[in-house]
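Residue numbers (my numbering): 1117 to 1500.
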Ligand SMILES: Cc1cc2nc3c(=O)[nH]c(=O)nc-3n(C[C@H](O)[C@H](O)[C@H](O)COP(=O)(O)OP(=O)(O)OC[C@H]3O[C@@H](n4cnc5c(N)ncnc54)[C@H](O)[C@@H]3O)c2cc1C
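Here it is as structure tokens:
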């Protein structure tokens, strides 16, 4: 059994991502956890391997990957550290978003630095009082003669501690819900943009998560990237890809955790035998392995549907819900199989476990995946 998408195993970016994971992310993951971010020079190093413009078409200087190869890259990176991988995923998604929706001047201004890893991107949708119900955001952009004035607060911004370019979702007309939501591209150091301190988390600080405030932040018309009506639809369209990537990352992290637990149990001896020979230990790891294989198949199925142009909303929700749960439960069992050593910081299972929990919130919680699946129950599984 190999990675989720054997089709992409030999893609040069996937090979480069595995090397980057083994040589750069794995040895530094604990340091980045303490540092509270992935350093700039690592983005630049990743960029040299083509890992900062994954979704940007080759014609615009990117790597031009599809969703399957992007997911396989993220799976490889997450085998070393899911939080670091997610930091790169968010950055790559922003670069892909600028390439897809940006005006020619926005593309000229921002894309070369994003692809080169010189400027880092982030997405700002969630707010302190609004998470799952994203169409209820309150950050407001008011039209002026020469542009827009933005006021409000954003919460839980991955890469927020160090991002240079932020995509900010705002309401433009009170009471209009999704139809009034627009999106702006804003320099994170512009006047009126206030970066909050990093969140103190149970772990996962490498993701550099922080909030932002906007206080009379004046932006020109060309900062508008998606007009009211278009922005929320684009966010929803992007979320299936994000969910598929989170599922793939969970597969990478669970696979790495299983490998660690199996190697340890194979060498560890109790009652005159290797602990891997005890049926109780084997069954725990066997269940984690079965769930890993099922998560890979669901992820691959969502990618196949997406690439075939079929609506992948429900299959992406199945993959994300199942893979995040398989990772959280499976990594816990890997720790259990290692005894006290599994709990030691000498091994990376604590970091992996916390990241798997985090994955159950990102890009829609597990309950929101069930809301999506629930909507399709009658039409997909009903008798009439
Ligand atoms: C480490 C981290 C990084 C993040 N990065 C980003 C980022 O870069 N950009 C960004 O915009 N956001 C980001 N988020 C925010 C994330 O998308 C939200 O946490 C998520 O959407 C859930 O929102 P919430 O936490 O406010 O939970 P709430 O919406 O307050 O939900 C609370 C609980 O109620 C449940 N619930 C809510 N609605 C329903 C429903 N209809 N049916 C059943 N149950 C429901 C939820 O599942 C959850 O269990 C990040 C979060 C974390 C933890």
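Positions of the beta carbon are idealized from the N, C-alpha and C atoms, including for glycine.
Based on the DSSP secondary-structure assignment, which residues constitute the bridge partners of residue i?
| i | result |
| --- | --- |
| residue 1336 | 1263 |
| residue 1342 | 1299 |
| residue 1247 | For residue 1247, which the question treats as bridged, DSSP gives no partner whatsoever. |
| residue 1363 | Residue 1363 pairs with nothing; no bridge assigned. |
| residue 1270 | 1328 |
| residue 1431 | In DSSP, residue 1431 forms no bridge with anything. |
| residue 1257 | 1266 |
| residue 1357 | Paired residues: none, contrary to the question. |
| residue 1237 | 1281 |
| residue 1287 | 1256 and 1297 |
| residue 1309 | 1330 |
| residue 1314 | 1326 |
Report yes if the C-beta distance between residue i and residue j is below 9 angstroms; otherwise report no.
| i | j | result |
| --- | --- | --- |
| residue 1442 | residue 1410 | yes |
| residue 1355 | residue 1480 | yes |
| residue 1292 | residue 1341 | no |
| residue 1403 | residue 1448 | no |
| residue 1135 | residue 1178 | no |
| residue 1239 | residue 1184 | no |
| residue 1309 | residue 1298 | no |
| residue 1301 | residue 1317 | no |
| residue 1211 | residue 1230 | yes |
| residue 1187 | residue 1137 | no |
| residue 1237 | residue 1206 | yes |
| residue 1142 | residue 1166 | no |
| residue 1489 | residue 1434 | yes |
| residue 1151 | residue 1208 | no |
| residue 1294 | residue 1251 | yes |
| residue 1459 | residue 1376 | no |
| residue 1363 | residue 1414 | yes |
| residue 1263 | residue 1254 | no |
| residue 1444 | residue 1424 | no |
| residue 1304 | residue 1328 | yes |
| residue 1386 | residue 1394 | yes |
| residue 1146 | residue 1456 | no |
| residue 1401 | residue 1374 | yes |
| residue 1176 | residue 1351 | no |
Report yes or no: is there a C-beta of chain C within less than 9 angstroms of the C-beta of residue i?
| i | result |
| --- | --- |
| residue 1135 | Considering every chain present, this structure includes no chain C. It has just one protein chain. |
Taking the alpha-carbon of residue i as reference, which of the options has the nearest alpha-carbon?
| i | options | result |
| --- | --- | --- |
| residue 1261 | 1334, 1241, 1283 and 1237 | 1334 |
| residue 1159 | 1385, 1485 and 1323 | 1323 |
| residue 1331 | 1364, 1257, 1344 and 1223 | 1257 |
| residue 1193 | 1321, 1294, 1227 and 1468 | 1468 |
| residue 1189 | 1145, 1146 and 1366 | 1366 |
| residue 1154 | 1430, 1198 and 1132 | 1198 |
| residue 1307 | 1327, 1265, 1162 and 1253 | 1265 |
| residue 1486 | 1496, 1437, 1456 and 1459 | 1437 |
| residue 1349 | 1255, 1497 and 1296 | 1296 |
| residue 1494 | 1430, 1314 and 1456 | 1430 |
| residue 1288 | 1343, 1269 and 1382 | 1343 |
| residue 1169 | 1432, 1204 and 1311 | 1204 |
| residue 1465 | 1252, 1412, 1397 and 1320 | 1320 |
| residue 1249 | 1496, 1484, 1498 and 1499 | 1484 |
| residue 1221 | 1498, 1338 and 1374 | 1338 |
| residue 1164 | 1147, 1191, 1228 and 1218 | 1228 |
| residue 1478 | 1273, 1416 and 1259 | 1273 |
| residue 1161 | 1148, 1140, 1174 and 1176 | 1140 |
| residue 1173 | 1497, 1156 and 1223 | 1223 |
| residue 1472 | 1127, 1129 and 1191 | 1191 |
| residue 1235 | 1378, 1498 and 1225 | 1225 |
| residue 1347 | 1427, 1412, 1218 and 1426 | 1218 |
So residue i and residue j are in contact, right, with Cβ under 8 angstroms, and what is the actual spacing, rounded?
| i | j | result |
| --- | --- | --- |
| residue 1440 | residue 1195 | The pair is not a contact, with the Cβ atoms about 16 angstroms apart (cut-off 8 angstroms). |
| residue 1271 | residue 1244 | 5 angstroms |
| residue 1276 | residue 1325 | 6 angstroms |
| residue 1418 | residue 1405 | The Cβ separation is near 21 angstroms, so there is no contact. |
| residue 1454 | residue 1381 | 7 angstroms |
Looking at residue i and ligand 3, is the gap between the Cβ and the nearest heavy atom below 8 angstroms?
| i | result |
| --- | --- |
| residue 1272 | Questions concerning ligand 3 fall outside what the structure shown contains, since the ligands it does hold are ligand 1. |
### Message
If we require 4 or more residues per run, which alpha helix (DSSP H) segments fall completely within the stretch 1118-1188?
### Response
For the stretch 1118-1188, whole alpha helix (DSSP H) runs of length 4 or above, ordered along the chain, are 1128-1136, 1142-1151 and 1156-1164.
#### Entry: Uninterrupted alpha helix (DSSP H) stretches inside the stretch 1376-1454 (no shorter than 4 residues)
Qualifying alpha helix (DSSP H) stretches, in chain order: 1395-1423 and 1429-1453.
### Query
Which ranges does the alpha helix (DSSP H) cover as unbroken runs of at least 4 residues, wholly within the stretch 1186-1223, from first to last along the chain?
As far as the stretch 1186-1223 is concerned, its whole alpha helix (DSSP H) runs of at least 4 residues are 1198-1217.
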